[in-house]
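Residue numbers (mature numbering (1 follows the signal peptide of the UniProt record, and there is no 0)): -23 to -1, 1 to 106.
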C-alpha cells in the first residue's frame, strides 16, 4: 500500500508543479485593468429626480462612453426590445439582473450605464428612460 502511495505521489507532485506553472503563465498573460472613459454621479432620491446624497440614501450612477462603451456593447449582445427606444433606431443591449445596459444611437455613439445603491450594495439602474 505504501509503495502504491509513493508511486501515485510522484506523478501527483509533477501535476501540481505543472498546474502551478500554467497558472503563473496565465497570470502573466492576463489582461490588465484599463483606463475607462466615462462619468459618474453620486445622488440621493431617484435618478430621475435626484437630491443631494445623505448618509442613509447614497447611490452611484456610472456612465461609460466612447470606444469603451462600444466594446462592452459588442460583448453583451444581442439587442433586446426596449419600450423607451422602440421604433427610434436606437439599439439596446442589457443584463437586467445586474442593471447593466448599453445603448447605440443611430449616429454610432455608444453609452453604457449601471448603478449601485451604496447603502445596500445592490445594483440599480444607472440611467433613466
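For every residue, glycine included, the Cβ atom is placed at its ideal position computed from N, Cα and C.
| Check | Outcome |
| --- | --- |
| Cβ-Cβ distance between residue 42 and residue 81 below 8 Å | no |
| Residue(s) in a DSSP beta bridge with residue 36 | 20, 94 |
| Cβ pair count under 8 Å reaching 3, the stretch 31 to 41 against the stretch 88 to 100 | yes |
| Assumed close pair residue 27, residue 21 - CB separation to whole angstroms, cut-off 8 Å | 7 Å |
| Inter-residue Cα distance where the pair is residue 64 and residue 106 | 14 Å |
| Residues bridged to residue 72 [DSSP beta-bridge criterion] | 77 |
| Residue of 50, 70, 51 minimising C-alpha distance to residue 58 | 70 |
| Residue 78 classed as buried or exposed, judged by whether at least 16 other C-beta atoms fall within 10 angstroms | buried |
| Residue 99 to residue 31 span [Cα, whole Å] | 17 Å |
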